[in-house]
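A short worksheet on the structure shown next.
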Amino acid sequence: MMEIDERDDPRLPLVKGYGPDHFTLAGVRVEGAVLVLPEGWVRLGPLSLDEVGPAHLEALQEADPPIDLLLLGTGARWQEIPSSIARLLKTMDVRAESMASAAAARTFNVLLLEDRRVACLLLPVGDLPSQ
């Protein structure tokens, strides 16, 4: 498992690590994809970027105060945000940036610790190269 070394705040759902098929959030192992918000997270289970749809982003609409930025962690490598997701997020007035899931997790932690209204949708990275 890869660990992410950031400052800690037990009140926040910081991403503390990840493996091929999971993420560790505030000490809890979450299998598959996950949507992380300042108030907690939503398990999305097995999911690919092409399968992300409105139901997976529902919690963004319910967030109060609203989310300003969604970091879309696209797995082991960067992938462009599919146009269907970009259009949906635009209707929700949520800006989005895509990056590899490891980078999205680190960026989410930093912005969350700065009290920003940020969320991240993290897709599993798959098999990690041996070190």
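FYI, in this note's numbering the residues of the sequence shown are 6 to 136. Don't be surprised by glycine CBs; every beta carbon is placed ideally from N, CA and C.
The Cβ atoms of A38 and L19 do not sit closer than 9 angstroms to each other. Counting C-beta pairs with one atom in each stretch, the stretch 105-120 and the stretch 53-66 have fewer than three that are closer than 8 angstroms, which means they do not touch. Annotation for R100: L74 place their beta carbon closer than 6 angstroms to its own, counting only its chain and skipping 5 residues before and after. Bounds of the beta strand (DSSP E) holding R48 are 45-50.
When DSSP assignments are scanned along the stretch 44-132, the uninterrupted stretches of beta strand (DSSP E) that are 3 or more residues long and fall wholly within it turn out to be 45-50, 74-78, 100-104, 123-127.
Around the beta carbon of K95, fewer than 16 other beta carbons sit within 10 angstroms, so the residue counts as exposed.
In this structure, V41 keeps its C-beta atom at 9 angstroms or more from the C-beta atom of L93. By the 16-neighbour rule on beta-carbons within 10 angstroms, G45 is exposed. In the structure shown, the three-state DSSP call for A38 is strand. Taking the Cα of L65 as reference, the smallest distance to any Cα among R122, P25, P51 is reached at R122.
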